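**Student:** Per my numbering, the very first residue in the sequence shown carries number 1; after that it's consecutive.
Every residue, glycine too, gets a C-beta built ideally from N, C-alpha and C.
None of the values given here were measured: they were computed from a predicted structure.
Before I ask anything, here is the structure I am working with.
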Amino acid sequence: MYSPFIACIEEREPQCSLVNGKAGDRGEDGPREFITTRWSLILSAANGSEEQKARDALAELCRTYWRPIFLFVRARGHSIEDAQDLTQDFFVTILKKNWLHHADRDRGRFRSLLLRSLHNFLVNAAEKAHAHKRGGDVEFISWDYWAAEAPSQLSNSPQVPDSLPPERLFDLSWATTVVEHALQRLREECESKGKLWLFQALSSHLTDERDELSYANLSGELGMAETAVKKQLHNMRQRYRSLLRDEVSQTVEDPAEVDDEIRYLCAALAGRTA
1 MYSPFIACIE
11 EREPQCSLVN
21 GKAGDRGEDG
31 PREFITTRWS
41 LILSAANGSE
51 EQKARDALAE
61 LCRTYWRPIF
71 LFVRARGHSI
81 EDAQDLTQDF
91 FVTILKKNWL
101 HHADRDRGRF
111 RSLLLRSLHN
121 FLVNAAEKAH
131 AHKRGGDVEF
141 ISWDYWAAEA
151 PSQLSNSPQV
161 PDSLPPERLF
171 DLSWATTVVE
181 HALQRLREEC
191 ESKGKLWLFQ
201 ALSSHLTDER
211 DELSYANLSG
221 ELGMAETAVK
231 KQLHNMRQRY
241 RSLLRDEVSQ
251 TVEDPAEVDD
261 EIRYLCAALA
271 GRTA
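Below is the structure:
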């Protein structure tokens, strides 16, 4: 399987500033300043005056990565309805309780810490009497919106929870979410510049290998010279790599960990994680 992450590993230039440690990177709009990532903000502010910002950053990461959580719970044998309740209550728990301080002590990558916390949460939940609705009257996620957004994730098909071990399914869904968010950001950028048509024409070729791509065919479809098509696809691939790396950087504390995390997620997409 040719992973969407391969482009971030094999093609090294231009490197993202969050990886090479420079103060900023220069895109087509000029240089931009280094921006603190969400996970580093959460860890650094857990015990300080920036705790509200850290909680907001944590809430945003949770909203981004609800699917891996839900699918993990489903793969542990829970019904759709129970998995919804447990996922909801898990988010409420880490957002309302002392989880930030726990995270500050443990450090690590957001993905790994979240999965460890979920393991512990499910063990504790199984030991409790379910006399009242989990999560109270707090709704962190709109499940109606979720079902409309990703109906396959809520499918009754037993293949969803049984096709992979829960931990593998969690990592696969996590990696897929990273790719989806990077592609969505790329689409929005192209649309804001009046180039949605270009995204629609070229986005399916972002990870094509050379022998899979015909610039002549694309040239004919787009009514552009081959040299222009090559340049547009090259630029789009560069931006896609940068967005992928930025998405990954939001979930690691140290910018030097981005490459390792990308390799791990690439392996998850290829079905090679243990």
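Under the three-state reduction of DSSP, which class applies to Pro165: helix, strand or coil?
**Tutor:** Numbered from its first residue, the sequence shown carries residue 165 at position 165. Coil.
**Student:** For the alpha helix (DSSP H) that contains Tyr65, what are its first and last residues?
**Tutor:** As a working note, residue 65 is residue 65 in the sequence shown. Per DSSP, Tyr65 belongs to no alpha helix (DSSP H) and is neither H nor E.
**Student:** One question on the structure: do Ser173 and Pro68 come within less than 8 Å of each other, judged by their Cβ atoms?
**Tutor:** In the sequence shown, residue 173 corresponds to position 173, counting from 1. In the sequence shown, residue 68 corresponds to position 68, counting from 1. Result yes, Cβ atoms of Ser173 and Pro68 sit closer than 8 Å.
**Student:** Given Ala83, which residues of its chain have a CB within under 8 Å of its CB, disregarding the five upstream and five downstream residues?
**Tutor:** Translated into the one-based positions of the sequence shown, residue 83 becomes position 83. Once the five neighbours on either side are set aside, the close Cβ partners of Ala83 are Phe70, Val73, Arg74.
**Student:** Within the chosen definition, does the region 186-198 reach the region 116-128 through at least 3 CB pairs nearer than 8 Å?
**Tutor:** Cβ pair count under 8 Å is below three, so no.
**Student:** From Asn156 to Leu86, what distance separates their C-alpha atoms?
**Tutor:** The count along the sequence shown starts at 1 and reaches residue 156 at position 156. The count along the sequence shown starts at 1 and reaches residue 86 at position 86. Per-residue confidence for Asn156 stands at a pLDDT of 38, beneath the threshold of 50, marking its modelled position as unreliable; the derived number appears in the next sentence. Straight-line Cα distance between these residues: approximately 17 Å.
**Student:** In whole angstroms, what is the alpha-carbon distance linking Cys62 and Phe91?
**Tutor:** Along the sequence shown, read from residue 1 onward, the residue named residue 62 stands at position 62. Along the sequence shown, read from residue 1 onward, the residue named residue 91 stands at position 91. Cys62 and Phe91: Cα-Cα distance of roughly 7 Å.
**Student:** What are the boundary residues of the alpha helix (DSSP H) that Asp299 is part of?
**Tutor:** Residue numbering for the chain in the displayed model covers 1 to 274; residue 299 lies beyond these limits and cannot be assessed.
**Student:** Specify the secondary structure class of Ala270 as computed by DSSP and reduced to three states.
**Tutor:** One-based indexing of the sequence shown puts residue 270 at position 270. Here Ala270 sits in coil by DSSP.
**Student:** Determine, using beta-carbon pairs with one atom in the region 220-239 and one in the region 247-254, whether at least three such pairs fall under 8 Å.
**Tutor:** Not touching, per the Cβ criterion.
**Student:** Counting beta carbon pairs with one atom in the region 235-245 and one in the region 166-185, are three or more of them shorter than 8 Å?
**Tutor:** In short, these stretches touch, since the Cβ pair count reaches three.
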